[in-house]
Amino acid sequence: MKGILYLISINILCVSFGLKAEEITLESLHATEGAVLNCMKKQLNLRIYGETYRSKIVVSKRKDLFEVLSNTEYYNIPIGYHDENLKSEIVFTVENKYFIKNKEIISAVSLDSMYKKNANDDLSILSDAISEAHENKKCLSWNF
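In the working numbering, the protein residues as written are 65 to 208.
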């Protein structure tokens with residue numbers, strides 16, 4: 065019985081260290097109400113809050129490239145605005161999926177001009193977020 069409990073405790077320790085994440089609140093991203101960067105060994109999550117939008121960018125490390133999933137929800141009124149007569153609703157959602165290899169944006173879907181602009185905007189925001197994290201000695205294993 066002691067052996068089983070020992071193995072379970074070792075597994076819990078391994079899982080907790082494997083899922084260890086560094087989280088940093090970002091101050092320098094422009095046009096945002098707030099942003100939080102969460103860095104793990106093989107995944108990076110960036111949550112951005114604007115006045116009328118909410119965005120999440122998830123980057124996963126693959127063998128020789130990065131997979132990027134981005135989701136932005138735009139609202140009809142400012143997110144923090146409260147009025148009994150108005151209800152905050154999502155007006156539209158923009159979702160993107162693309163890959164980064166050798167600092168180049170590649171995709172299996174499409175790289176039309178609007179899609180590529182959104183991907184470049186995401187990459188610029190991610191680069192700024194990583195730079196700020198590096199200044200604070202966080203997320204040092206991540207770089208694009």
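We put the CB at the ideal spot given by N, CA and C, even for glycine.
1. What does the alpha-carbon distance come out to for the pair isoleucine 143 and serine 152?
2. Buried or exposed, going by whether 16 or more other CB atoms sit within 10 Å of the CB of phenylalanine 156?
3. Output needed for arginine 118: all residues of its chain with C-beta closer than 6 angstroms, excluding positions within five of it in sequence on either side, in chain order.
4. Looking at isoleucine 112: is its Cβ nearer than 8 angstroms to the Cβ of threonine 96?
5. Would you check if the distance between the CB atom of alanine 183 and the CB atom of asparagine 160 is smaller than 8 angstroms?
6. Please state the DSSP three-state secondary structure of glutamate 86.
7. Using 8 angstroms as the threshold, is the C-beta distance between phenylalanine 163 and valine 122 below it?
8. For the beta strand (DSSP E) holding tyrosine 139, just list the boundary residues, first then last.
9. Would you kindly check if the distance between the Cβ of leucine 108 and the Cβ of lysine 165 is under 8 angstroms?
10. Determine the direct distance from the alpha carbon of asparagine 149 to that of methionine 104, and round the result to whole angstroms.
11. Taking the Cβ atom as the reference point for each residue, do isoleucine 169 and leucine 190 lie within a distance shorter than 8 angstroms?
12. Less than 8 angstroms between the beta carbons of glutamate 115 and lysine 202, yes or no?
Short version:
1. 7 angstroms
2. By the neighbour-count rule (16 or more Cβ atoms within 10 Å), phenylalanine 156 is not buried but exposed.
3. Glu137
4. yes
5. For alanine 183 and asparagine 160, yes; Cβs fall inside 8 angstroms.
6. Judged by DSSP in its simplified three-state form, glutamate 86 adopts strand.
7. no
8. Per DSSP, the unbroken beta strand (DSSP E) holding tyrosine 139 starts and ends at 130-139.
9. Not in contact: lysine 165 and leucine 108 (Cβ atoms no closer than 8 angstroms).
10. 42 angstroms
11. no
12. no
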